[in-house]
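Novice: Mind having a look at this structure? Questions to follow.
In the working numbering, the protein residues as written are 77 to 331.
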């Protein structure tokens, strides 16, 4: 089955969302704090609306789950997962580590993803079985097979820090070649591009990582939560890794 029609609409929605983001960026927009203590701005709300209008205009019977507007028709066969500005704190403080995340789930399976890091001029996309691309060029993971030559990027670690797994992460850090914290969407673009090999994160929301999961899987990575479970609506952690290192990394983290 081809998912190209869905991907085409996702890319159109990313265009619509980017126009709104660029309009508000660097304008010192007012910030409100939501009940979960995360920030939201008019840019988040209007970007999501622009994306929603495109998607539901094309597929009115699909479900929609947005960071700002919640779930609509959530039991539909197809469910769109949207974070209009993933990295609002970065957006507000005017540094470029934010993106728009658009994904499509079919009966619980992620099949389409678009990750638009517009301030980096990086747009990655993928559809199941059809490969992953960055600005139109095919993506492929690294061919490194030795842990001591690999690069590890981490982010959102409070939950891990409060558990015995923190020591295990420390053990992993001593075994890799380089440790960085690129964070947010960016280290997933690096992994899919073959520039790093391992990502470890906790304290996530499915809307943060749905699109990036599709992209990295299509580029050749193995993507699960930290316990090795598949990515679903309740996922809150991530282990994304090149296949050659996956078993070794997982054994260290879960020893």
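Positions of the beta carbon are idealized from the N, C-alpha and C atoms, including for glycine.
Remember, predicted model here, so these are calculated numbers, not experimental data.
1. Opposite residue 140 in the DSSP bridges: which residues?
2. Taking only the alpha-carbon atoms, compute the straight-line gap between residue 224 and residue 251 and give it to the nearest angstrom.
3. When every heavy atom of the ligand NAD is checked, does at least one fall within less than 7 Å of the C-beta of residue 316?
4. Using the C-alpha atoms, what's the distance from residue 174 back to residue 167?
5. Name, in chain order, the residues that DSSP records as bridge partners for residue 314.
6. Is the region 93–100 touching the region 181–196, taking contact as three or more C-beta pairs under 8 Å?
7. What would DSSP say about residue 115, mapped onto helix, strand or coil?
8. Using C-beta distances below 7 Å, list every residue in its chain close to residue 292, excluding the 5 sequence neighbours before and after it, in chain order.
9. Alpha carbon to alpha carbon, what distance is there between residue 270 and residue 220?
10. State the start and end residues of the unbroken alpha helix (DSSP H) segment that holds residue 192.
11. Write down every uninterrupted run of the alpha helix (DSSP H) in the region 245–313 whose length is 4 residues or greater and which is fully enclosed by it, in chain order.
Specialist: According to the data block:
1. According to DSSP, which records beta bridges pairwise, residue 140 is partnered with 148 and 156.
2. If I take the Cα positions, the gap works out to 6 Å.
3. Absent from the structure shown: the ligand NAD. Ligands present: none.
4. The straight-line gap from Cα to Cα measures roughly 6 Å.
5. According to DSSP, residue 314 bridges with 277.
6. In this structure the region 93–100 touches the region 181–196; the number of beta carbon pairs closer than 8 Å is three or more.
7. DSSP, read as helix, strand or coil, puts residue 115 in strand.
8. Excluding residues within five positions, the ones whose Cβ falls inside 7 Å are 264, 267, 268, 299 and 316.
9. Between residue 220 and residue 270, the C-alpha separation is close to 9 Å.
10. In the DSSP assignment, residue 192 falls outside any alpha helix (DSSP H) and within the unbroken beta strand (DSSP E) covering 185–193.
11. Counting only runs of 4 or more, we get 262–268 and 282–295.
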